[in-house]
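Presented below is the structure to which this report refers.
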Amino acid sequence: MPHSFGLRARTRHLFQRKFRQKGQIKLSTYLKTYRVGQYVDICVNSAVQKGMPHKYYHGRTGKVFGVTKSSVNVLVYKRTGHRCIAKRLNIRVEHVRHSKCRDDFMQRVKQNAQLLRQARAKGEYICLKRQPKVLIILSIQSTSYESSSGAAPVVVPPSVHFLAGGCAGMIAAICTSPLDIIKTRLQSEHHLYRSPAFSAFSPYGIRLFPTYHLFINIYHIEGSSGFFKGLGPNLIGVVPARAIHFYTYENTKKIFVKYLSYNESSWIHIMSAISAGIVTSTITNPIWMIKTRLQLDKAPIKTYRNTWDCVKKMIQKEGFYSLYRGMSASYLGVSESTIQWVLYERFKKQIAERQKSSSWIDPLIAAGTAKLIATILTYPHEVVRTRLRQFPTRNGYIKYKGLMQCFCLICREEGISALYGGLLVHLLRVIPNAAIMFGSYELIMSLFI
Numbered sequence: 001m002p003h004s005f006g007l008r009a010r011t012r013h014l015f016q017r018k019f020r021q022k023g024q025i026k027l028s029t030y031l032k033t034y035r036v037g038q039y040v041d042i043c044v045n046s047a048v049q050k051g052m053p054h055k056y057y058h059g060r061t062g063k064v065f066g067v068t069k070s071s072v073n074v075l076v077y078k079r080t081g082h083r084c085i086a087k088r089l090n091i092r093v094e095h096v097r098h099s100k101c102r103d104d105f106m107q108r109v110k111q112n113a114q115l116l117r118q119a120r121a122k123g124e125y126i127c128l129k130r131q132p133k134v135l136i137i138l139s140i141q142s143t144s145y146e147s148s149s150g151a152a153p154v155v156v157p158p159s160v161h162f163l164a165g166g167c168a169g170m171i172a173a174i175c176t177s178p179l180d181i182i183k184t185r186l187q188s189e190h191h192l193y194r195s196p197a198f199s200a201f202s203p204y205g206i207r208l209f210p211t212y213h214l215f216i217n218i219y220h221i222e223g224s225s226g227f228f229k230g231l232g233p234n235l236i237g238v239v240p241a242r243a244i245h246f247y248t249y250e251n252t253k254k255i256f257v258k259y260l261s262y263n264e265s266s267w268i269h270i271m272s273a274i275s276a277g278i279v280t281s282t283i284t285n286p287i288w289m290i291k292t293r294l295q296l297d298k299a300p301i302k303t304y305r306n307t308w309d310c311v312k313k314m315i316q317k318e319g320f321y322s323l324y325r326g327m328s329a330s331y332l333g334v335s336e337s338t339i340q341w342v343l344y345e346r347f348k349k350q351i352a353e354r355q356k357s358s359s360w361i362d363p364l365i366a367a368g369t370a371k372l373i374a375t376i377l378t379y380p381h382e383v384v385r386t387r388l389r390q391f392p393t394r395n396g397y398i399k400y401k402g403l404m405q406c407f408c409l410i411c412r413e414e415g416i417s418a419l420y421g422g423l424l425v426h427l428l429r430v431i432p433n434a435a436i437m438f439g440s441y442e443l444i445m446s447l448f449i
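At position 67 of the sequence shown (counting the first as 1) the number is 67 in the numbering used here, and the numbers step up by one without a gap.
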């Protein structure tokens, strides 16, 4: 018959004494002293029936609140349902022993008292808080930077990362604004892919001739100012976006290094880059939405007079949440920045190990190479994000309703090559942009060391 495992099941095995601990009870058991306030462990000795507690309390820890000649009064908290009931037990000394749960604490109290007496005798101040036993030495890539004189690493305040990131993003955006305009126009052109002239082009041999003709058309139709259209909202978006991104990345990396690992690994860079990308995309998505609408407004009679007019018309016609259109694609773009940061940190570390003296061109090479690889791997999300922000309609209905629907519709109507529209000019823009931005960032950071 199978065992029912009832209320008293396995009680004999629970109270069974350990190997080589059977026989007469040791005299030292009765010579131990107990004081009020001490913590004791309840360990039932089955050889003594007197004063034996219920098996529920076997293995529990309690606090002594009374002492007699042959027993101690122990306070134990028993959980019953959603309540903790204080149980006062009278237990013989054979069934209790001193608990070691507070040994470390009591030892630390004695050590702190001794250190405090020594400090008072010398007239010095001492911090008695517990400190990490392992010394954390942050490398060059973290928030500690080595000074030019070769001294100890200098801890840079978080506000410096915010300032340096914003300035670096502004410089890079101004220098690469013409290429940004051309890239956005190429991504939004739907009819060019249906032309037979482009059927022979592979996705990687991308739009060299349309890029040149588009550059000439913008100059003749809109003038030189057309290359800087949307630069105002672009700077309004780039400066806080880069400032928030660098600030979040460096500080989350510092936190992860402190609490998860004492050295910078690729996992630390990945988690920091993902955190920075999500925070930045959520805060700045409305600004990028307005910037894209202004750049695509190329009709002779403009739909939007200025930035504020664009905001008002979007909210009136499409609702407030239209400012966050393409958010899912923006979150998908976090993968690009994550790959870029991991590769940048890796390349910069390898360059620093191979060369004894660092050069100003090192961060440019590391940033450009990392951006090239990351962009080629994750470029289709750029096209999908631009289409979602453009808000095209078909027969009065919204053409693109979501990330996956937009992705599948582009592939079905225009082919897979459409997902790489404008890749060439995008690479010509983002690689110099990344090199200028990271180079400016490292240069500004060096001024504070």
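Quick reminder that beta carbons are idealized off the backbone N, C-alpha and C, glycines included.
- DSSP places R429 inside the alpha helix (DSSP H), whose first and last residues are 423-447.
- Counting only the Cα atoms, R387 lies some 15 Å from I181.
- Here D41 is bridged, per DSSP, to T61, R97.
- Of the residues E442, M314, C167, the one whose Cα lies closest to the Cα of S359 is E442.
- A residue is called buried when at least 16 other Cβ atoms come within 10 angstroms of its Cβ; G37 does not meet this threshold and is exposed.
- Under DSSP, I85 shares a beta bridge with K78.
- T282 and V239 have their C-alpha atoms spaced approximately 15 Å apart.
- Taking a cut-off of 8 Å on C-beta distances, the segment 331-340 does not touch the segment 290-298, as fewer than three cross pairs fall below it.
- Taking a C-beta distance under 8 Å as the contact criterion, P158 and H95 do not qualify as a contact pair.
- The C-alpha of E353 is placed about 49 Å away from the C-alpha of K100.
- By a beta-carbon distance limit of 8 Å, I444 contacts C167. Their separation comes to about 6 Å.
- Residue pairing by DSSP places G319 in no beta bridge whatsoever.
- The DSSP-derived three-state label of S71 is strand.
- Sequence-distant Cβ neighbours of N90 in its own chain, meaning closer than 6 Å and more than five residues away, are S71, N73.
- The Cβ-Cβ distance between T61 and D41 falls below 8 Å.
- Between L424 and Y344, the alpha-carbon positions lie close to 21 Å from each other.
- As a beta-bridge residue in DSSP terms, I91 pairs with V72.
- Looking at the DSSP output, G237 sits in no beta bridge, so it has no partner there.
- Taking C-alpha positions only, L372 is separated from K258 by approximately 31 Å.
- Check the Cα spacing between Q16 and each of L7, S28, S4, V48: the tightest is with V48.
- When only Cα atoms are considered, S224 and V383 end up about 25 Å apart.
- Rounded to whole angstroms, the separation of the alpha carbons of Q114 and K22 is 42 Å.
- DSSP, reduced to helix, strand and coil, places G415 outside both helices and strands of the structure shown, so it counts as coil.
- Judged by beta-carbon spacing, H426 lies beyond the 8 Å limit of V342, meaning their Cβ atoms are not closer than that value.
- Residue pairing for G123: DSSP places it in no beta bridge.
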